[in-house]
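Encoded as structure tokens, the structure appears first; notes follow it.
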Amino acid sequence: MVGHLQLACSEQLRHHPSSAATLLMLQCCSSAVLRAATAVALVTLCVTASTADRLSDECRVLKESGYKIALFVSGNDLITTQGFDGTEIDLLKEYNDWAKIGQQKPFKPTVARLLLGYNNNFIALPYTAGFLITVGSSKVFVAHHEKEVALNHWLPSEEGAFQFLHESIMDYDFGKVDPATVTFYNNRIFAGKKQFDVTIGKEVVDVDSHVNYTEGHHFDLTHGVSVAEEDKHKTLVGVIDGLKVVREECQLKTSTINDCFGGVCESILIGHSSYSKGAFCFAVNNCMVASGPKGLFDTILVVPNKAIELLENTTRPERRLSSSADGGARPFMSRVYLSLIFWYRS
Numbered sequence: 001m002v003g004h005l006q007l008a009c010s011e012q013l014r015h016h017p018s019s020a021a022t023l024l025m026l027q028c029c030s031s032a033v034l035r036a037a038t039a040v041a042l043v044t045l046c047v048t049a050s051t052a053d054r055l056s057d058e059c060r061v062l063k064e065s066g067y068k069i070a071l072f073v074s075g076n077d078l079i080t081t082q083g084f085d086g087t088e089i090d091l092l093k094e095y096n097d098w099a100k101i102g103q104q105k106p107f108k109p110t111v112a113r114l115l116l117g118y119n120n121n122f123i124a125l126p127y128t129a130g131f132l133i134t135v136g137s138s139k140v141f142v143a144h145h146e147k148e149v150a151l152n153h154w155l156p157s158e159e160g161a162f163q164f165l166h167e168s169i170m171d172y173d174f175g176k177v178d179p180a181t182v183t184f185y186n187n188r189i190f191a192g193k194k195q196f197d198v199t200i201g202k203e204v205v206d207v208d209s210h211v212n213y214t215e216g217h218h219f220d221l222t223h224g225v226s227v228a229e230e231d232k233h234k235t236l237v238g239v240i241d242g243l244k245v246v247r248e249e250c251q252l253k254t255s256t257i258n259d260c261f262g263g264v265c266e267s268i269l270i271g272h273s274s275y276s277k278g279a280f281c282f283a284v285n286n287c288m289v290a291s292g293p294k295g296l297f298d299t300i301l302v303v304p305n306k307a308i309e310l311l312e313n314t315t316r317p318e319r320r321l322s323s324s325a326d327g328g329a330r331p332f333m334s335r336v337y338l339s340l341i342f343w344y345r346s
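The sequence shown begins at 1 in full-length UniProt numbering and counts up one residue at a time.
Pasting the structure below:
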């Protein structure tokens with residue numbers, strides 16, 4: 001609108017070249033342009049306010065709490081550095097935008113189940129998200145069809161940072177496990193029917209008599225409780241600060257993967273059957289936070305803005321819908337595990 005008024009003023013001045021007419025016209029046009037600019041500013045403010053007003057109370061709380069979303073795609077560790085802004089994140093678009101500027105290797109269908117530990121430590125359990133096929137001249141990504149995947153190694157993070165050194169991969173066969181059910185508490189990975197102590201690097205064989213872990217339940221590190229999902233139409237993938245992170249099927253939004261290498265990007269198509277919606281949506285406390293293609297985004301990790309500490313007197317989690325426990329407190333892991341991260345700026 002301002003641009004059109006400026007153009008109209010120029011035309012008027014061209015047809016009225018006298019100095020008096022020019023002065024009068026400049027005054028009128030300046031006033032009109034100023035009023036138009038003010039109107040545009042007011043409209044912008046109203047739109048911004050309207051967007052903020054549209055945020056639900058649940059989404060507003062998440063935004064103000066400074067939560068971030070962590071991803072692990074194509075063997076790379078990504079995190080939204082500016083936090084959740086209250087609107088749903090298209091996870092594949094996040095990766096695609098990052099790949100244009102940060103990807104130095106061809107895309108590979110490797111993702112990971114990410115777990116939040118204590119004192120800003122993290123664990124990644126990589127697995128194969130699916131496979132690539134060639135159809136004519138196009139590459140197509142096909143997600144794994146089975147609910148369970150092979151989890152046979154894990155990566156520790158550098159102490160206090162979302163950084164993984166892939167050369168420090170730790171071998172351990174958890175077997176076939178649904179990644180959405182894997183959880184962490186008191187320095188132990190709970191995956192399927194197995195428990196693994198990350199401080200000693202061994203499976204927990206002599207399980208404490210207090211331990212009553214049920215697969216599919218998740219630990220809340222903040223409050224030391226074990227939580228189950230009561231809604232049969234949703235899958236619980238985590239709990240943070242007492243808030244459930246749940247997953248359900250939804251329509252695919254972004255349908256191509258950026259395969260970038262050497263400054264050149266190609267597109268890999270997302271293949272899915274007609275009876276599948278093709279994607280998962282993730283919500284925290286009834287606020288939709290993110291969505292992405294199945295296989296690539298079976299789970300997400302919601303990262304709080306403050307580190308969670310392991311209490312020295314921790315013995316077992318409090319009961320909530322189920323009971324689960326572990327032994328005494330130990331330091332999380334040694335600084336011997338250094339790491340590498342690719343930070344994505346959202």
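In this text, a Cβ means the ideal position worked out from N, Cα and C, and glycines have one as well.
Which of helix, strand or coil DSSP assigns to residue i
i	result
T134	strand
V140	strand
S168	helix
Y185	strand
V198	coil
E58	helix
E158	coil
S267	strand
N96	helix
P126	strand
K68	strand
V336	Reliability fails at V336, whose pLDDT of 27 lies under 50, so the model's placement of it is uncertain and the value that follows must be treated cautiously. V336 falls in the coil class under three-state DSSP.
L252	coil
K63	helix
L310	coil
Neighbour-count burial assignment, residue i, 16 or more Cβ in a 10 Å radius
i	result
N286	exposed
N186	buried
I189	buried
G136	exposed
N76	buried
S74	buried
residue 383	Residue 383 lies beyond the range of the chain shown here (1 to 346); nothing can be said about it.
E94	buried
H233	exposed
N119	exposed
T199	exposed
H145	exposed
E229	buried
I101	exposed
F164	buried
Rounded separation between residue i and residue j - CA only
i	j	result
S322	G83	Its pLDDT being 35, under 50, S322 is placed unreliably in this model, and the value from its coordinates should be taken loosely. The straight-line gap from Cα to Cα measures roughly 31 Å.
G263	F174	38 Å
E159	S56	36 Å
L236	H217	8 Å
V47	E58	In this prediction, V47 scores a pLDDT of 35, lower than 50, which makes its location untrustworthy; no coordinate-derived value is stated.
V225	D171	29 Å
T110	L301	16 Å
K139	N96	16 Å
W98	A112	18 Å
R60	D206	45 Å
A143	Q104	23 Å
G66	V303	9 Å
F297	A70	11 Å
K277	I123	30 Å
K202	Q195	9 Å
S157	G271	33 Å
Supposed close pair residue i, residue j - CB separation, criterion 8 Å
i	j	result
K68	G86	13 Å between Cβ atoms; not a contact.
L155	I169	6 Å
residue 349	S255	This structure gives no information on residue 349, because the portion of the chain shown stretches from 1 to 346.
L151	Y127	6 Å
V289	I89	6 Å
V227	F282	Contact doesn't hold; Cβ gap of about 16 Å is too wide.
G295	A161	With 8 Å as the limit, G295 and A161 do not qualify as a contact, their Cβ atoms being about 27 Å apart.
For residue i: DSSP bridge partner residues
i	result
Q104	Answer is none; Q104 lacks a bridge partner.
K234	BP columns for K234 are empty, so no partner.
D220	V225
E203	F196
F297	For F297, which the question treats as bridged, DSSP gives no partner whatsoever.
G175	L151
V289	According to DSSP, V289 bridges with nothing at all.
A279	C250, P293
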